[in-house]
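If you read the protein sequences in the order shown, they are chains A and B. Mapping the first sequence onto the working numbering, position 19 (from 1) lands on 19, and the numbers just tick up by one. Mapping the second sequence onto the working numbering, position 271 (from 1) lands on 1271, and the numbers just tick up by one. Every residue gets a Cβ at the ideal spot worked out from N, C-alpha and C, and that includes glycine. Please read the structure below before turning to the comments.
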Amino acid sequence: MDNLHIDRHISQQFNADLEHLRTHLLELGGIVEEQVANAVKALETADSALAEQVLHTETEVDQREISLDHECTLILARRQPAASDLRLVLMVTKTTHDLERMGDEADKIAKMALALNEDGASPRGYIELRHIGSNVLKLVNMALDAFARYDAQMAVRVVRDDNQVDLEYRSALRELITYMMEDPRSISRVMNILWALRALERIGDHARNIAENVIYLVHGMDVRHISLDEIEKKLEAENHGAE
Amino acid sequence: MSEVLEPIVLTKSPAPLAAPPIAPPIATQNELKAKMKTKREGSTVGKPFVEAAKLSVRGVNVFYGAKQAVFGVDLDIAKNQVIAMIGPSGCGKSTFLRCLNRMNDTIESCRIEGSICLDGEDIYESKLDVVPLRARVGMVFQKPNPFPKSIYDNVAYGPKIHGLASRRADLDEIVETSLRRAGLWEEVKDRLDSPGTGLSGGQQQRLCIARTIAVSPEVILMDEPCSALDPIATAKIEELIAELSQNFTIAIVTHSMQQAARVSDRTAYFHLGKLIEVNETQKVFTNPDHELTEAYITGRIG
């Protein structure tokens, strides 16, 4: 009945700008994801060279953060985006920040790897590290995937799995603290692992933030600072309303 | 740290994180758009009705000869609020606006069905006199159209013919208050006798607004009131709209979406003669309910 096209912007340049924004965010995501993976690996395998490489990548992450923010500023100033375009730009600025912070946490892990190589390996904690490390990496990967596909369901899964990671972190914390009480000579080495676990837990939280941003992008609803149950209820109400 | 004393159990490894199902990668913005939830068919979405309606419109169809221009519009316009009507050219928003004070009566071929009530009273009632109606529902047009008379007479004309002031002093007062409310008094108070057409475009438009409010209307209709003005004059009119909305009910048709976003409390989106969505303005511009609204305000309809 109508001959209007609604699938793309009248302005091709605007389309291209948004497309670049998405691509650049995903690129940054890829770099940070690799940085986290390398940091955990460097710690596990006592690989100083790899740890140095992680530290080195930080500069690139910082620069990309600045340039993404600049892109967002330009789009806001030139296009005054509305509705989903506005939400995309807003979520990109927030997500960029979360990714940069993840990079900082990966740096901390790499520094712990270097410290452990100097102090000698920790007597405990590697199993927990490997376990939590691989779960956190999955979180990061899923959060970025959820963004790439505008997949709110996957984003909800990230929130759920992050709660699990938080539990595992607390349990590992208890275990390692008990060990240190039994063997105080190990404290400084075990602490290195603990700091790394702490950094991983924070990375999980940033992945959760990204997932929440994805839900905002897709459904326009703010789900920060509410529980998983509430998020699911809100989404269900939304989907139901859209029938 | 009290947790130290609790029994130590490493939680069981979590239910294995289900590997993300392999969805085909999505390449473009357009395909991603399709995943957004804004997809609905049928009648107006959002909140077309309000509790304290100044004007309530039900089932309005408008025809020009055989051609239907507006299809079944149901809408409430709330008292002392600004409602913005947006939509692509030819979507029926101006036609609809003109129905609200029977401006379409002058067009021979125009026929209107349905009901439009002002404070519960049908304005299309056959015995209703349109002259007082248009005093209650005033209108400001796209191009400033002052009468070829003095500034004073432009504003005084309405009150005179509607018999709102008998003495010169009363008239003087109405002229001054109206010009003050339109934000024009300071600029013209020393030359009230000079012709209205000698003012700048923005001043002329404010003069027309002063002329409209001089007869104390209840509703002001504005049909793209800023489209012929520069950004500064536009900003002044927008400022004025915000101020007037405290005492008047305002319906504004605009082609500038930013303007709709800035000045209105509610926004109505028209598309090909149908009222697609009505919602609070902040909702429409951040998270509209209908995909056509989304497409229009993000610049995807062309």
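- Nearest to residue 1046 of chain B by C-alpha distance, out of B:1085, B:1278 and B:1119, is B:1278.
- Following the DSSP letters along the chain, one finds residue 1281 of chain B inside the alpha helix (DSSP H) bounded by residues 1281-1286.
- In the structure shown, the three-state DSSP call for residue 82 of chain A is coil.
- Closer than 8 Å to the CB of residue 12 of chain A there is not a single CB belonging to chain B.
- Proximity of chain A to residue 1287 of chain B at the Cβ level (cut-off 7 Å) is accounted for by 83 and 220, in chain order.
- Only 1257, 1258 and 1261 from the region 1240-1263 of chain B bring a Cβ to less than 8 Å from some Cβ of chain A.
- Taking all protein chains in view, the Cβ of residue 1205 of chain B is crowded by 16 or more other Cβ atoms within 10 Å, so the residue is classified as buried.
- Not one beta carbon of chain A lies nearer than 8 Å to the beta carbon of residue 1281 of chain B.
- Taking C-beta atoms as the reference points, residue 210 of chain A and residue 95 of chain A count as a pair closer than 8 Å.
- Interface flag for residue 1297 of chain B against chain A is set, since a Cβ pair is found closer than 8 Å.
- By the C-beta density criterion, residue 13 of chain A is exposed, having fewer than 16 other C-beta atoms within 10 angstroms.
- Contact note: residue 63 of chain A does not reach chain B at a C-beta cutoff of 7 Å; the least C-beta distance is about 25 Å.
- Residue 9 of chain A has a beta carbon lying within less than 8 Å of a beta carbon in chain B.
- For a Cβ distance threshold of 8 Å, residue set 1285 and 1286 of chain B lies close to residue 86 of chain A, ordered along the chain.
- Burial check for residue 1243 of chain B: the Cβ neighbour count within 10 Å stays below 16, so the residue is exposed.
- Three or more Cβ pairs drawn from the region 1271-1291 of chain B and the region 1087-1097 of chain B lie within less than 8 Å of each other, which places the two stretches in contact.
- Here residue 1155 of chain B is not near residue 1055 of chain B, since their CB atoms are 8 Å or more apart.
- Contact annotation: residue 1241 of chain B and residue 1232 of chain B have beta-carbon atoms that are not nearer than 8 Å.
- Chain-order list of chain A residues neighbouring residue 1266 of chain B: empty, with the shortest C-beta distance near 16 Å, by a criterion of under 8 Å.
- Secondary-structure assignment with DSSP links residue 1081 of chain B through no beta bridge to anything.
- For residue 1294 of chain B, the chain A residues whose C-beta falls within less than 8 Å of its own C-beta are 83 and 84, listed in chain order.
- With a threshold of 8 Å between beta carbons, residue 1136 of chain B makes no contact with chain A.
- From the listed residues B:1209, B:1286 and B:1201, the smallest Cα separation to residue 222 of chain A is found for B:1286.
- No Cβ of chain A is located within less than 8 Å of the beta carbon of residue 1181 of chain B.
- The straight-line gap separating the alpha-carbon atoms of residue 1173 of chain B and residue 1132 of chain B is approximately 21 Å.
- Excluding residues up to 5 positions away in sequence, 35 lie with their Cβ nearer than 6 Å to the Cβ of residue 57 of chain A in the same chain.
- Straight across, the Cα-Cα distance linking residue 114 of chain A with residue 32 of chain A is about 19 Å.
- Excluding five sequence positions before and after residue 1049 of chain B, the CB atoms of its chain that fall closer than 7 Å to its own CB belong to 1076, given in chain order.
- Under DSSP, the beta-bridge partners assigned to residue 1250 of chain B are B:1082 and B:1220.
- At a cut-off of 8 Å, the C-beta of residue 53 of chain A has no neighbouring C-beta in chain B.
- The Cβ-Cβ distance between residue 1301 of chain B and residue 1288 of chain B does not fall below 8 Å.
- When only Cα atoms are considered, residue 1043 of chain B and residue 83 of chain A end up about 21 Å apart.
- The beta carbon of residue 1300 of chain B falls within 8 Å of a beta carbon belonging to chain A, placing the residue at that interface.
- Neighbours of residue 80 of chain A in chain B, taken as residues whose beta carbon is under 8 Å from its own, are 1258 in chain order.
- In this structure, the beta-carbon distance from residue 1264 of chain B to residue 1252 of chain B falls below 8 Å.
- Per DSSP, residue 1061 of chain B lies in no alpha helix (DSSP H) segment; the continuous beta strand (DSSP E) that holds it begins and ends at 1053-1064.
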